[in-house]
Amino acid sequence: MSDFKFIDLFAGIGGFHIAMESLGGECVFASEIDTFARKTYEHNFKKSNPSLFDEGMFNDDIRKINPTDLPDFDVLCAGFPCQPFSQAGHKRGFNDTHKSERGNLFFNIVEILEAKKPKAFFLENVRGIVNHDNGNTFKIIREIIENELGYSFHYQVVKASDYGLPQLRPRTFMIGFKNEGVLSNFSFPPKIPLKFNMSNVWEGDCSREIGFTLRVGGRGSNINDRRNWDSYLVDGEVKKIMPEQARKMQGFPETFEFPVANTQAMKQLGNSVAIDAIKACGKAMITHLETLTNTGENMANTKNKGEWTELYSFLKLINDKKLMLADKDLNIKGSLEHFNVTKVTTLNIVESCYLQDNDEVLVKNGTTGIEKKIKVSNFLNKNILKKLSDAIKMGSRTFNIPEFNLIQNRLGISIIKGGNSNQKADIVLDINNNQVSKENEGFGIKSYLGSKPTLLNASGNTNFIFEISNFEPSKIDVVNSIDTRTKLKDRIEKIHTLGGTFRFSKIETESMEYNLSMVDSSIPEIVSTMLLEFYLNRTNGISPNLENIFNNGNTFGSDLISLQVKVKRLLVAILLGFFAGKKWDGSYVSNGTIVVKETGEQVGFHIIDMNSLENYLFENIKFDTPSTTRHRFGSLILENDGKLYFKLNMQLRF
Numbered sequence: 000m001s002d003f004k005f006i007d008l009f010a011g012i013g014g015f016h017i018a019m020e021s022l023g024g025e026c027v028f029a030s031e032i033d034t035f036a037r038k039t040y041e042h043n044f045k046k047s048n049p050s051l052f053d054e055g056m057f058n059d060d061i062r063k064i065n066p067t068d069l070p071d072f073d074v075l076c077a078g079f080p081c082q083p084f085s086q087a088g089h090k091r092g093f094n095d096t097h098k099s100e101r102g103n104l105f106f107n108i109v110e111i112l113e114a115k116k117p118k119a120f121f122l123e124n125v126r127g128i129v130n131h132d133n134g135n136t137f138k139i140i141r142e143i144i145e146n147e148l149g150y151s152f153h154y155q156v157v158k159a160s161d162y163g164l165p166q167l168r169p170r171t172f173m174i175g176f177k178n179e180g181v182l183s184n185f186s187f188p189p190k191i192p193l194k195f196n197m198s199n200v201w202e203g204d205c206s207r208e209i210g211f212t213l214r215v216g217g218r219g220s221n222i223n224d225r226r227n228w229d230s231y232l233v234d235g236e237v238k239k240i241m242p243e244q245a246r247k248m249q250g251f252p253e254t255f256e257f258p259v260a261n262t263q264a265m266k267q268l269g270n271s272v273a274i275d276a277i278k279a280c281g282k283a284m285i286t287h288l289e290t291l292t293n294t295g296e297n298m299a300n301t302k303n304k305g306e307w308t309e310l311y312s313f314l315k316l317i318n319d320k321k322l323m324l325a326d327k328d329l330n331i332k333g334s335l336e337h338f339n340v341t342k343v344t345t346l347n348i349v350e351s352c353y354l355q356d357n358d359e360v361l362v363k364n365g366t367t368g369i370e371k372k373i374k375v376s377n378f379l380n381k382n383i384l385k386k387l388s389d390a391i392k393m394g395s396r397t398f399n400i401p402e403f404n405l406i407q408n409r410l411g412i413s414i415i416k417g418g419n420s421n422q423k424a425d426i427v428l429d430i431n432n433n434q435v436s437k438e439n440e441g442f443g444i445k446s447y448l449g450s451k452p453t454l455l456n457a458s459g460n461t462n463f464i465f466e467i468s469n470f471e472p473s474k475i476d477v478v479n480s481i482d483t484r485t486k487l488k489d490r491i492e493k494i495h496t497l498g499g500t501f502r503f504s505k506i507e508t509e510s511m512e513y514n515l516s517m518v519d520s521s522i523p524e525i526v527s528t529m530l531l532e533f534y535l536n537r538t539n540g541i542s543p544n545l546e547n548i549f550n551n552g553n554t555f556g557s558d559l560i561s562l563q564v565k566v567k568r569l570l571v572a573i574l575l576g577f578f579a580g581k582k583w584d585g586s587y588v589s590n591g592t593i594v595v596k597e598t599g600e601q602v603g604f605h606i607i608d609m610n611s612l613e614n615y616l617f618e619n620i621k622f623d624t625p626s627t628t629r630h631r632f633g634s635l636i637l638e639n640d641g642k643l644y645f646k647l648n649m650q651l652r653f
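Take numbering that gives the first Met the number 0: the last position of the sequence shown gets the number 653, and nothing is skipped along the way.
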């Protein structure tokens, strides 16, 4: 791990950058919004890391990041905004939207971890985050990281003085590893003595061995004031701390320069991390990563329901040798309405299974070219498939199904865990019937063996932003404090009651707006109106929702049938064509979808019968409400431009 890559989020002036680089890391992406901090960061790192700045890898707003566009990296580092959780502030936590969205920016980190799946993360925040909101905030952070993202989670409240620096500065360090498995024995390094004290910092006799925690604001209190943090008694004289001393207390090298005024330099140092503490814990993290890498420890035999269903569908197609086609109600259209399947593979294996007319399967390795014939009925039949589908339904989170592993071994195939989340085709078939003959035809898989499948998953990419006019900013908390069972509906109604009006502004990410406009230029406006109808009146069905907004006078220059056609095309484009976080070229990545029903039976749709596919989606897709906290929507936001905004999220479920 001596040449690992890391990203530096909420980078400030680069404390993480210095620490990780000293351990052999290369910073491949950084993000910092403060103009003055950006100036200091670039001044100190451009010579040693020119590509970071010359190739546009120094971002100014994490909300503009499309996670899939980030370069690959091993470790995510982030000292995310601490003011919402600090004792010195209002402690609004995730609900702090009074100065842009600083309270919920942790969830941008979540989206990056989810998309890029780095080997490890290292997060830093104030000590108070552990007990904020009676521990609920920290509980949410831990549950998301462990249960949703599949990382281990280790934390400790660390003082700068624990690792040699003469400053209190208690901070919560959070470190985790992807697929740590049974080797979840990471521990923070032991404390060490001070490397120097405050007398060394001042180059004189200081009355304190360990200094106060550097802060932002409150500068200039009397030395005897309980709020004092920047006055020291040195050689019998009261002195105010300046950047020269603060830089030493934080562990920055003497060569580190501040091309800004002293007031800005003090603010930047007060916001920074204690470098020696980061370096010591970072070294322990990298050492543990080496252990994980060298032992090859993973959870290859555990999969989630989606991953098991992909393998189930694979085996069922081998057993059935056909895929029945369905109508809009998922009923088989007729005994003659099917595809014969002659080859089955996936994008996650190197083997292809050629289905023979008899009971045999020819398994061919695409890399080695080795072939072998296998008699399928020895280990696969209808009853076994029923047991497998029942096991999937009963499973939770990630789990193991030993019978699957035995069948997989008998076939001599190796499914790669996880696959690629950025692919529409889960399985690839050679198919034929009296209408069509296709090779390597990609099909997606939608499964009812777990919770109802999604067509479009919630993320920052699917946030629609509305500008709120005629609303008094002092009333923000009146709206955001509403926490009823129907809080989104009630918050929207409250905004209306207080005189506010909604105007669709934009979609949070450029890629999603581009993709919707590729279907039709009016689609972003149509969908934004449908979202307001859904969240206000709970009209979750696509068809009745569209009828309601049309009957309310929102025609978008089209008749109802034309609007329905546009929305049907959008649903198919989401199913077969584009991802929300990546600009679409207008083509279908997959040409069909397989639906695994709750019974374990499966049926298919294909673009040769676009009418059935469109009608199935139009009548079965519904708007869904994801977590408002997790996906950063449903609250009034006072942005830095002085304008008020409100976001609604688009998630679509079968």
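In this text, a Cβ means the ideal position worked out from N, Cα and C, and glycines have one as well.
Identify every residue that forms a DSSP beta bridge with residue i.
i, result
"ASP623", "GLN650"
"ASN364", "GLU350"
"CYS280", "DSSP, once it has assigned bridges, lists no residue as partnering CYS280."
"ILE430", "VAL340 and LYS437"
"LYS4", "GLU25"
"TYR150", "LYS177"
"ILE560", "Paired residue(s): none; ILE560 is not in a bridge."
"ASN357", "Answer is none; ASN357 lacks a bridge partner."
"ILE373", "VAL360"
Under 8 Å Cβ to Cβ from residue i, same chain only, skipping five residues before and after it: list those, please.
i, result
"PRO452", "LYS445, SER446, ARG652 and PHE653"
"GLU492", "LEU535"
Label residue i either buried or exposed according to how many other C-beta atoms from any shown protein chain fall within 10 Å of its C-beta, with 16 as the threshold for buried.
i, result
"GLU370", "exposed"
"SER376", "exposed"
"GLU309", "buried"
"MET609", "exposed"
"VAL237", "exposed"
"ASP229", "buried"
"ASN419", "Because ASN419 sits at a pLDDT of 46, beneath the cut-off of 50, its placement in the model cannot be relied upon, and the point is left open."
"ASP584", "exposed"
"VAL602", "buried"
"MET393", "exposed"
"LYS671", "The displayed coordinates of the chain run from 0 to 653. Any statement about residue 671 would go beyond what the structure contains."
"LYS646", "buried"
"ASN639", "exposed"
"ASP95", "Any answer about ASP95 is weak, because its pLDDT of 47 lies below 50 and its placement is not dependable; what the coordinates show is given next. That one is buried."
"ASP161", "buried"
"ILE391", "buried"
"ARG484", "exposed"
Enumerate in chain order the residues of its own chain whose CB-to-CB distance from residue i is below 7 Å, with the five nearest sequence positions on each side excluded.
i, result
"TYR154", "THR171, PHE172 and MET173"
"ALA273", "ALA159, LEU164, GLN166, ARG168, GLN249 and GLY250"
"GLY540", "LYS621"
"PHE669", "Only positions 0 to 653 of the chain appear in the structure, and residue 669 is not among them; the question remains open."
"ASN432", "HIS337, PHE338 and ASN339"
"MET529", "ASN544, LEU545 and ILE548"
"ARG502", "PHE465, GLU466 and SER468"
Nearest CA to the CA of residue i: which residue from the options?
i, options, result
"ASP372", "PHE106, LYS386, ASN382 and ASN357", "Going by the sequence as given, residue 372 is Lys instead of Asp. Among PHE106, LYS386, ASN382 and ASN357, the Cα nearest to that of LYS372 is on ASN357."
"LYS621", "VAL566, LYS320 and ASN639", "VAL566"
"GLU145", "GLU123, HIS131 and LYS116", "LYS116"
"ILE240", "ASP326, GLU253, GLY269 and ASP584", "GLY269"
"ILE475", "GLY641, PRO543, GLY175 and ASP519", "GLY641"
"ASN514", "LEU455, LYS581 and LEU559", "LYS581"
"LEU329", "ASN103, THR366 and ILE593", "ILE593"
"ILE426", "GLY441, ARG218, SER468 and ILE573", "GLY441"
"LYS327", "GLY11, LEU530, PRO258 and ASN619", "ASN619"
"ILE6", "ASP429, PRO189, LEU112 and PHE152", "LEU112"
"TYR150", "LYS177, TYR615, ILE143 and SER458", "LYS177"
"MET265", "GLY219, LYS304 and LEU288", "GLY219"
"ALA457", "SER542, SER198, ASN551 and THR628", "THR628"
Measure the beta-carbon distance from residue i to residue j and round it to whole angstroms, keeping in mind my assumption that it falls under 8 Å.
i, j, result
"TYR231", "ARG214", "Incorrect: roughly 14 Å between the Cβ atoms, too far for contact."
"LEU612", "VAL571", "6 Å"
"PHE378", "ILE348", "Their Cβ separation, rounded to whole angstroms, is 18 Å, which puts PHE378 and ILE348 out of contact at 8 Å."
"PHE121", "ILE128", "With a Cβ gap of about 15 Å, PHE121 and ILE128 do not count as contacting."
Is any heavy atom in the ligand ADP found nearer than 7 Å to the beta carbon of residue i?
i, result
"ASP319", "Within the structure as shown, the ligand ADP is missing, as the structure has no ligands at all."
Once the 5 residues before and after residue i are set aside, which same chain residues still bring their CB inside 6 Å of it?
i, result
"LEU559", "PHE549"
"PHE9", "ALA77, GLY78 and PHE79"
"ASP429", "THR341, LYS342 and GLU438"
"LYS247", "VAL200"
Using a C-beta cutoff of 8 Å, does residue i count as contacting chain B?
i, result
"ARG226", "The structure shown contains no chain B, having only a single protein chain."
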